[in-house]
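J.: Dropping a structure here in structure tokens format, bear with me for questions.
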Amino acid sequence: MLALRVIPCLDVKDGRVVKGVNFLELRDAGDPVEQARIYDREGADEVTFLDIGASHEGRDTILDVVSRTAAQVFIPLTVGGGVRSVEDMRRLLLAGADKISINSSAVADPALVTRGAEAFGSQAIVVAVDARGDGKGGWEVFTHGGRRGTGIDAVQWCQQAEARGAGEILLTSMDRDGTRAGFDLALLRAVRSAIRLPIVASGGVGEAQHFVDGAEAGATGLLAASVFHYGQMRIGEAKAALAAAGLPVRPLAESV
Amino acid sequence: MRIAIIDPGSGNLASVLRALERVVAESGRPAQVAVTTDAAELRAADRIVLPGQGAFAACRRGLDALPGMVDALEDAVLRRKKPFLGICVGMQLMAERGLEHGNTPGLGWIAGEIAPIDPRLPDGAALPLPQMGWNGLDLAQPSHPLLAGISPGSHAYFVHSYALAGGDPAQLLASTDYGGPVAAIVGRDNLAGTQFHVEKSSLVGLRILANFLNWAPEAAA
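Those protein sequences? They're chains A and B, same order as listed. Numbering (numbering that gives the first Met the number 0) for the first sequence: 0 to 255. Numbering (numbering that gives the first Met the number 0) for the second sequence: 0 to 220.
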């Protein structure tokens with residue numbers, strides 16, 4: 000049985016870890032490489048870095064962070080934020096990333112998904128979708144860190160990403176992000192029924208039961224940032240909750 | 000000992016290189032690990048690793064584009080019996096042919112072809128595709144040297160939409176369950192391949208890589 004993946008996300012700016020609440024207020028708290036190592040030892044199934052620096056100087060700091068992490072952490076590493084071209088993807092993959100997450104740049108140029116998949120394989124291309132409820136039962140895609148509405152239907156955009164060669168969808172609920180109220184399960188179910196790609200759910204985790212809820216709504220990866228980063232929850236608690244619900248997990252003993 | 004990692008042009012070699020360097024450092028044995036595109040360098044290697052990502056056809060083209068590489072590989076692996084490990088598409092290339100993006104010949108070292116999978120639950124519900132994540136290993140040949148210290152059910156990291164079909168059960172070392180059995184490790188004699196990313200499979204993967212460095216298939220035969 001394929002195990003559910005528990006994925007801590009580290010928001011990185013200028014080589015340091017930060018975390019926004021509702022994408023706005025940032026608090027600085029740590030070295031991303033050391034954080035990734037701790038998460039690996041605690042049983043994380045993957046690690047995601049989201050580079051929110053996005054300046055040219057920031058580009059080089061994330062490459063260094065990725066390179067140092069990949070030399071010490073032998074689990075999959077996804078990197079996103081500010082990736083605009085196949086060349087950006089190549090640099091991150093060569094530095095040691097396994098998957099590249101693209102968001103605003105894919106919305107602006109959907110062919111970038113295909114170009115990335117053709118160059119590096121679909122397995123390397125994650126399309127990150129930031130979705131917000133439109134008040135009419137649907138969800139709208141937002142870009143630029145959630146600041147810009149696009150008018151695009153999120154479920155249709157996920158279908159298009161799949162058709163264009165993405166290997167995975169990272170689905171973030173903008174409404175839930177930072178609220179600790181749990182994943183947006185209606186959004187997850189809607190996307191699950193529309194595509195066959197693996198879905199990583201993101202945005203809203205506040206307690207261990209939320210991981211179970213996300214898995215039961217169809218996510219195969221379950222991502223959280225602040226609850227892990229500020230120590231409100233350990234990776235092992237999330238896995239224990241999944242296991243207690245009868246869902247398959249990779250045991251901690253295989254990480255330490 | 001010289002360990003050569005062949006660069007077929009599409010793989011994430013940094014991870015394979017770092018994982019092997021880590022395993023070598025932990026072994027305390029002198030060994031050089033190097034990425035190569037050079038057939039002469041490959042002939043000088045004691046152990047050979049072929050990673051691969053992306054599409055079967057593209058990886059095969061990448062391998063064929065390296066002058067003399069396929070001949071050097073066949074000489075080293077088939078005639079001189081150097082231990083060989085294929086990873087992901089590198090493992091798939093060991094089969095007779097691949098059906099991704101056309102019908103492409105493989106190296107023909109193990110039986111079967113690489114065909115698309117359509118994993119489903121018993122009730123017919125489709126499982127996500129690609130298979131992406133950690134899945135348990137069912138050990139078909141638990142006494143194989145590559146599986147030393149690997150417990151049944153140990154998890155490895157898979158990412159794939161194609162898998163070996165029509166293989167020879169005698170060449171199956173381990174399988175995994177994704178809507179039915181999927182070949183996870185194959186091999187015979189001095190060659191082996193993992194469908195999963197051994198370099199990204201944490202302690203389980205590092206142990207298999209360490210076993211590969213210690214593997215003495217000639218002595219066992």
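All C-beta atoms, glycine included, are put in the ideal place defined by N, C-alpha and C. Keep in mind it's a predicted model, so treat the numbers as computed, not measured.
Kindly indicate if chain A contains any beta-carbon less than 8 Å away from that of residue 26 (chain B).
T.: Chain A, which has no Cβ nearer than 8 Å to the Cβ of residue 26 (chain B), makes this no.
J.: Could you list which residues in chain A have their beta carbon closer than 8 Å to that of residue 194 (chain B), in chain order?
T.: Chain A residues near residue 194 (chain B): none, gap ~12 Å exceeds 8 Å.
J.: Just tell me which of A:87, A:156, A:177 has its CA closest to the CA of residue 191 (chain A).
T.: Considering only alpha carbons, the answer is A:156.
J.: Should residue 102 (chain B) go down as buried or exposed, given a rule of 16 or more other Cβ atoms within 10 Å for buried?
T.: That one is exposed.
J.: Note down, in chain order, every chain B residue with its Cβ under 9 Å from the Cβ of residue 213 (chain A).
T.: Going along chain B, no residue has its Cβ under 9 Å from residue 213 (chain A), so there is no contact; the nearest lies around 14 Å.
J.: Using DSSP's beta-bridge definition, name the partner residues of residue 83 (chain B).
T.: Its beta-bridge partners are B:47, B:190.
J.: Whether or not the stretch 172-182 of chain B and the stretch 62-82 of chain B are in contact is what I'm after, with contact meaning three or more pairs of Cβ atoms, one per stretch, closer than 8 Å; do they touch?
T.: In short, these stretches do not touch, since the Cβ pair count stays below three.
J.: Taking only three categories from DSSP, how would you classify residue 199 (chain B)?
T.: If DSSP states are grouped into helix, strand and coil, residue 199 (chain B) belongs with the helices.
J.: Is DSSP giving residue 38 (chain A) helix, strand or coil here?
T.: Three-state result, residue 38 (chain A): helix.
J.: Identify whether residue 20 (chain A) lies in helix, strand or coil by the three-state DSSP scheme.
T.: With a pLDDT of 46 at residue 20 (chain A), under the threshold of 50, the modelled position of this residue cannot be trusted; read the value that follows with caution. In this structure, residue 20 (chain A) counts as strand in the three-state DSSP scheme.
J.: Listed from N- to C-terminal order along the chain, which residues in the stretch 152-167 of chain A have their beta-carbon within a distance smaller than 7 Å of any beta-carbon of chain B?
T.: Those residues of the stretch 152-167 of chain A that come within reach of chain B (Cβ to Cβ, closer than 7 Å) are 166, 167.
J.: Can you give me the C-alpha to C-alpha distance between residue 167 (chain A) and residue 188 (chain A), rounded to a whole angstrom?
T.: Computed Cα separation, rounded: 16 Å.
J.: Between residue 179 (chain A) and residue 217 (chain A), how many whole angstroms is the CB-CB distance? I'm expecting something under 8 Å.
T.: Not confirmed; about 21 Å, so no contact.
J.: Please state the DSSP three-state secondary structure of residue 154 (chain B).
T.: Residue 154 (chain B) falls in the strand class under three-state DSSP.
J.: With distance defined between alpha-carbon atoms, name the residue in B:187, B:60, B:216 nearest to residue 88 (chain B).
T.: Comparing Cα-Cα distances from residue 88 (chain B) to each of B:187, B:60, B:216, the minimum goes to B:60.
J.: Please classify residue 18 (chain B): does DSSP put it in a helix, a strand, or coil?
T.: Of the three classes helix, strand and coil, the one that applies to residue 18 (chain B) here is helix, per DSSP.
J.: Taking one C-beta from the stretch 168-175 of chain A and one from the stretch 130-149 of chain A each time, how about it: are there three or more such pairs within less than 8 Å?
T.: Short answer: they touch.
J.: Going by the DSSP bridge assignment, what does residue 176 (chain B) pair with across the sheet?
T.: DSSP output for residue 176 (chain B) lists B:180 as bridge partner(s).
J.: Could you give the first and the last residue of the continuous alpha helix (DSSP H) run that contains residue 215 (chain A)?
T.: Where residue 215 (chain A) is concerned, the enclosing alpha helix (DSSP H) stretches over 208-215.
J.: How would you write the range of the beta strand (DSSP E) that residue 31 (chain B) sits in, first residue to last?
T.: 31-35 is the extent of the beta strand (DSSP E) around residue 31 (chain B).
J.: Taking its Cβ as the centre, do 16 or more other Cβ atoms sit within 10 Å of residue 162 (chain A), making it buried, or is it exposed?
T.: By the neighbour-count rule (16 or more Cβ atoms within 10 Å), residue 162 (chain A) is not buried but exposed.
J.: Residue 249 (chain A) CB to nearest chain B CB: under 8 Å?
T.: So, interface residue.
J.: Give a yes or no on whether the C-beta atoms belonging to residue 41 (chain B) and residue 71 (chain B) are separated by under 8 Å.
T.: Going by C-beta atoms, residue 41 (chain B) is nearer than 8 Å to residue 71 (chain B).
J.: Measure the C-alpha to C-alpha separation of residue 94 (chain B) and residue 206 (chain A) and round it to an integer number of angstroms.
T.: Roughly 46 Å separates the two Cα atoms.
J.: Once DSSP output is grouped into helix, strand and coil, what is the label at residue 135 (chain A)?
T.: Coil at residue 135 (chain A), not helix or strand.
J.: Could you check if residue 0 (chain B) is buried or exposed, using at least 16 other CB atoms within 10 Å of its CB as the buried criterion?
T.: Exposed: under 16 other Cβ atoms inside 10 Å.
J.: Kindly give me the distance between the Cβ atoms of residue 247 (chain A) and residue 2 (chain A), rounded to whole angstroms, as I take these residues to be in contact under 8 Å.
T.: Yes, they are in contact, since the Cβ atoms of residue 247 (chain A) and residue 2 (chain A) sit about 5 Å apart, within 8 Å.
J.: Could you tell me whether any Cβ in chain A is nearer than 8 Å to the Cβ of residue 199 (chain B)?
T.: Cβ-Cβ to chain A under 8 Å: yes for residue 199 (chain B).
J.: Using 8 Å as the cut-off, can you tell me whether the stretch 157-165 of chain B makes contact with the stretch 112-131 of chain B, which would need three or more C-beta pairs spanning the two stretches below that distance?
T.: Yes, they touch.
J.: Smallest Cα separation from residue 100 (chain B): which of B:55, B:117, B:138, B:28?
T.: Of B:55, B:117, B:138, B:28, the residue nearest in Cα terms is B:55.
J.: Who are the near neighbours of residue 120 (chain B) in its chain, counting only those whose CB is closer than 8 Å to its CB and skipping five residues on each side?
T.: The answer, listed in chain order, is 126, 178.
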